[in-house]
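Chains as they are written, first to last, in this note's numbering: chain A, 1 to 349; chain B, 350 to 621. The C-beta atom is built at its ideal place from N, Cα and C for all residues, glycine as well. Here is the structure we will look at.
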Amino acid sequence: MRSIYSLLFVVWIFITACNKPEVAPVEMVKGLDLPDHFPSPVYDFSANPYKEEIFLLGRDLFYEPKLSANNTIACGSCHLQSNAFTHHGHNVSHGINDQLGKRNALPLFNLAWQPIFFWDGGVPNLDLTSLNALHSPVEMDERIENVLIKLAEDEKYPTRFEEAFGNAEITSQRFLQALSQFMYSMISSQSKFDKVQLGEASFWDDELKGQALFEQKCSPCHAGVLLTDFSFRNNGLPINHDFERGREEITLSEADRGKFKVPSLRNIAVTGPYMHDGRFRTLRQVLDFYSTGVQSSETLDPLLQAEDTPGIALSEIEKTQLIAFLETLTDYEFIRDKRFSETNDDFTK
Amino acid sequence: MYTLYKRVSPYLVALSMAFFFLSCTNTDNLEPEPNEVGSLSIEFEHLVGGSPFDLDNEYQRANGETFSVSTLNYYVSNIILSKEDGSTFVVPQEKSYFLIRNHTPETCLITLDSIPADTYTGIAFTIGVDSLRSVSDISKRTGVLDPAQNEGMYWTWNSGYIFFMMEGISSEAPEDPTGTRAFRFHIGGFGGYESATLNNLKDINLSIHHGEGAIVRKEKQPKIHLIVDVLKVLDGLEDVSLEENATVMFNPYSSVIAENYTQLFTLDHIHN
């Protein structure tokens with residue numbers, strides 16, 4: 001009988017040893033400052049562990065115009081740091097030869113917490129996101145095989161790949177992992193909103209009222225400390241379905257018509273214009289839309305149908321208060337962090 | 350001495366005959382040795398109806414439409430070999446992904462190695478890339494699964510491989526802005542990552558109807574000869590009108606073409 005217990009004990013040790021720890025072990029995300037008040041990231045760092053040289057290579061690639069067909073457009077051309085890495089002032093992004101895409105560029109931050117990418121959720125893994133921009137005929141119109149050749153013929157990249165990976169071989173895997181590493185390092189967690197959460201600052205009157213309104217009316221979707229629940233929902237924007245179907249383009253299910261990924265509202269004051277097609281220039285216009293512009297349809301989110309008229313009832317004062325709160329979400333340290341800048345002469349490791 | 354020889358010789362004859370037969374069975378490999386492995390190849394011969402298939406050559410279909418093909422690529426994966434008694438050998442996953450490209454003849458003959466010596470009478474495979482690989486980590490996407498090495502058999506906007514690609518010209522296809530009458534079939538869809546969607550993964554099961562199976566031995570590499578009738582893409586279980594369906598990519602109609610391509614393959618014969 002005793003031996004059965006000891007056997008069970010050994011089995012238990014095995015099972016518990018195999019269980020993955022809840023939080024990624026510290027050494028795997030060494031070099032990264034994971035905020036204490038954030039949940040565990042979803043990115044698998046163990047498959048692409050942080051290394052300074054890989055990060056630096058990723059940054060060079062992010063700002064490298066050779067990634068586009070005619071060597072004019074870099075990732076950084078559409079994802080600008082001063083705007084939390086979105087394309088400010090353009091409703092739908094302008095790509096190569098000034099062609100217009102149908103979607104507004106998304107800001108880039110906290111990507112290690114994001115389970116699914118793009119407005120329609122077409123890409124499930126950060127490592128595969130760069131392929132999308134690269135191959136899109138209205139963005140960079142280039143093919144990864146050509147990019148790898150251009151990089152191998154470049155004077156600096158073979159050495160940079162060698163520093164990062166131990167030899168100068170330039171493969172798609174290394175290329176994509178370096179870009180991911182730069183992108184997953186872009187962590188935005190130093191806004192006033194964060195400091196209030198950590199007890200390091202406090203909200204003013206309007207901000208406080210705005211926060212209460214936000215929690216009541218917006219948090220079900222723009223949820224938690226990341227300010228999104230990453231679900232796909234239809235928030236009632238009138239759209240032309242011949243041209244744009246949102247999530248349905250991926251799932252081919254009519255139940256997903258007009259649904260888009262709920263965007264994080266971090267840094268929202270600097271990431272306009274707003275919505276998947278960039279139709280609103282200001283936050284005031286966004287709130288006017290939520291209060292009077294929401295259109296009912298088969299797939300309109302039930303949360304926006306709770307009142308007599310679809311949408312979220314808001315007075316003008318409440319809108320002002322909400323905007324005061326939304327402005328506390330801007331992380332000025334992030335948008336000025338030299339580690340992420342194209343010109344970073346004064347950045348030393 | 351003579352008598353001794355006379356008395357022993359019948360035994361000697363018997364003994365040497367026994368040796369002879371034993372060595373015969375050895376060269377014929379009727380009984381594989383334990384742990385003996387060998388290799389086996391599979392040839393994909395493309396035809397149109399009964400005639401040879403050439404890229405850019407014009408063919409006519411039953412409904413009168415004419416067409417020529419400029420690209421014909423497809424993934425073959427997860428190969429399983431079966432024996433007469435119904436047992437199977439599953440080719441290890443990491444060695445089981447192939448991209449057949451008609452314009453590159455080497456890719457139409459694939460070789461599997463480390464196959465247990467045995468006699469195989471059937472073969473099964475998937476057209477496409479199974480869902481597990483379709484969502485796998487970038488580090489596992491090597492060889493033909495590397496998006497940089499698979500000639501565009503990958504959708505970047507909707508992460509997933511294109512399983513089957515056939516492009517060409519048909520005088521019945523609508524004219525595009527550049528003045529060409531092209532048709533394009535890009536068929537994929539592994540069932541969706543987060544929510545279920547199109548699944549165009551198709552399993553093909555073939556077995557020999559007569560003659561001997563493929564005898565795999567250390568010294569012998571048999572070849573399974575498959576015939577792939579390209580015409581069945583259009584005239585398979587359902588007729589696909591090129592006039593009405595010149596562009597079929599990630600949309601529900603793609604499953605009609607996927608059903609059709611299950612009809613493409615026949616196991617014609619085996620070379621031992």
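C-alpha of residue 410 of chain B to C-alpha of residue 402 of chain B: approximately 14 Å in a straight line. One thing to note: residue 147 of chain A has its Cβ within 8 Å of the Cβ of residue 67 of chain A.
A direct Cα-to-Cα measurement between residue 83 of chain A and residue 105 of chain A gives close to 11 Å. An exposed status is given to residue 442 of chain B, since fewer than 16 other beta-carbon atoms sit within 10 Å of its beta-carbon. Judged by beta-carbon spacing, residue 278 of chain A lies within the 8 Å limit of residue 90 of chain A, meaning their Cβ atoms are closer than that value. For residue 296 of chain A, same chain residues with a beta-carbon under 8 Å away, outside a window of 5 residues either side, are 236, 305 and 310 in chain order.
Chain-order list of chain A residues neighbouring residue 576 of chain B: empty, with the shortest C-beta distance near 32 Å, by a criterion of under 8 Å. Along the segment 143-179 of chain A, the alpha helix (DSSP H) occurs as fully enclosed runs of 4 or more residues at 144-153 and 157-165, listed in sequence order.
Counting only the Cα atoms, residue 397 of chain B lies some 13 Å from residue 612 of chain B. Annotation: the segment 401-470 of chain B contains the following complete segments of the beta strand (DSSP E) (minimum length 3 residues), in chain order: 415-432, 437-439, 446-450 and 458-465.
In the DSSP assignment, the residues bridged to residue 573 of chain B are B:391 and B:619.
Neighbours of residue 497 of chain B in chain A, taken as residues at a C-beta separation under 7 Å, are given in chain order as 144, 145, 148 and 172.
Boundaries of the alpha helix (DSSP H) harbouring residue 332 of chain A: 332-336, taken from the DSSP string.
Between residue 192 of chain A and the set A:167, A:184 and A:203, the nearest pair of CA atoms involves A:203. When the beta-carbon positions are compared, residue 38 of chain A and residue 225 of chain A come within less than 8 Å of each other. Among the residues facing chain B, residue 228 of chain A is not included, as its CB has no counterpart in that chain under 8 Å away. Straight through space, the alpha carbons of residue 480 of chain B and residue 132 of chain A are spaced by roughly 20 Å.
Between the segment 503-518 of chain B and the segment 467-480 of chain B, the count of C-beta pairs closer than 8 Å reaches three or more; the two stretches touch.
Only exposed fits residue 281 of chain A, as fewer than 16 other CB atoms lie within 10 angstroms of its CB. According to the DSSP secondary-structure assignment, residue 504 of chain B is paired through a beta bridge with B:509.
Counting only runs of at least 4 residues, the segment 231-281 of chain A fully encloses the following alpha helix (DSSP H) elements, listed from N- to C-terminal order: 248-251. Comparing C-alpha distances from residue 138 of chain A to each of A:164, A:232 and A:102 shows the shortest one belongs to A:102.
Proximity of chain B to residue 181 of chain A at the Cβ level (cut-off 7 Å) is not reached, the minimal Cβ distance being about 12 Å. Closer than 8 Å to the CB of residue 541 of chain B there is at least one CB belonging to chain A. Here residue 119 of chain A is near residue 260 of chain A, since their CB atoms are less than 8 Å apart.
Within chain A, not a single residue places a beta-carbon under 9 Å from that of residue 588 of chain B; the smallest gap is close to 23 Å.
Just so you know, the alpha carbons of residue 76 of chain A and residue 562 of chain B end up roughly 59 Å apart. Legend: CB atoms of the segment 43-62 of chain A lying less than 9 Å from CB atoms of chain B belong to residues 44, 47 and 48.
Between residue 251 of chain A and residue 488 of chain B, the C-beta gap is not smaller than 8 Å, which leaves the two residues out of contact. When DSSP states are grouped into helix, strand and coil, residue 340 of chain A belongs to the helix group. If you look at residue 565 of chain B, you'll find it in the beta strand (DSSP E) that goes 563-565. Take the alpha-carbon of residue 534 of chain B and the one of residue 595 of chain B: they are about 8 Å apart. Against chain A, a Cβ distance below 9 Å from residue 484 of chain B picks out 124 and 125. Nearest C-alpha to residue 538 of chain B among B:573, B:490 and B:484: B:484. Against chain A, the CB of residue 507 of chain B has a partner CB under 8 Å away; the residue lies at that interface. Comparing C-alpha distances from residue 221 of chain A to each of A:45, A:262 and A:47 shows the shortest one belongs to A:262.
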